[in-house]
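Each remark here refers to the structure printed beneath this line.
Numbering (the working numbering), first residue to last: 23 to 160.
Shown next as structure tokens:
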């Protein structure tokens, strides 16, 4: 693997994957708390808490990380290799766009009484950067 063959788009994709990975450990929701029940709001979920956030981990974070792997692996595969009629880069681009779309909906659809946290905001930024890096010409 020649590191000099990586393009700016590949750098953006790798940086977005790192941002997605970091965001997955941050609180996905936040609560503005007032009153006597504030001490009960200690444990806000991150993306790895699949019991409470269900599909956030696979739909946003893992999809983005898989897309990154496919995009970077597609750069080092010989031309003409296809999986189900699409190259690895094309699969990665589709998954990157799906991860970005899911992160947008993760901001729009929130439970009552909570607002988006830093993890959700960074997931949106990482998803959009990943989609932009996937669409940059190589």
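Every residue, glycine too, gets a C-beta built ideally from N, C-alpha and C. Keep in mind the model is a prediction, meaning the values are calculated, not measured.
Residue span of the alpha helix (DSSP H) that contains residue i, given as start and end
i, result
"residue 56", "Looking at the DSSP string, residue 56 is not in any alpha helix (DSSP H), and its letter there is neither H nor E."
"residue 87", "85 to 97"
"residue 161", "This structure leaves residue 161 out entirely; the chain is present only between 23 and 160."
"residue 32", "30 to 45"
Selection from the options that minimises the alpha carbon distance to residue i
i, options, result
"residue 133", "119, 50 and 154", "50"
"residue 143", "154, 155, 130 and 153", "130"
"residue 75", "46, 107, 156 and 29", "46"
"residue 141", "44, 30 and 34", "44"
Contact under 8 Å by Cβ, residue i with residue j
i, j, result
"residue 135", "residue 66", "no"
"residue 88", "residue 32", "no"
"residue 92", "residue 128", "no"
"residue 69", "residue 77", "no"
"residue 153", "residue 119", "yes"
"residue 99", "residue 117", "no"
"residue 126", "residue 90", "no"
"residue 82", "residue 121", "yes"
"residue 157", "residue 30", "no"
ask   = Counting Cβ pairs, one atom from each stretch, are 3 or more of them under 8 Å apart for the stretch 26 to 46 and the stretch 141 to 158?
value = Counting Cβ pairs under 8 Å, three or more are found: they touch.
task = Quick one: which unbroken beta strand (DSSP E) runs of 3-plus residues sit fully inside the stretch 94 to 147? Chain order, please.
result = Taking only runs of at least 3 residues, no beta strand (DSSP E) segment lies wholly in the stretch 94 to 147.
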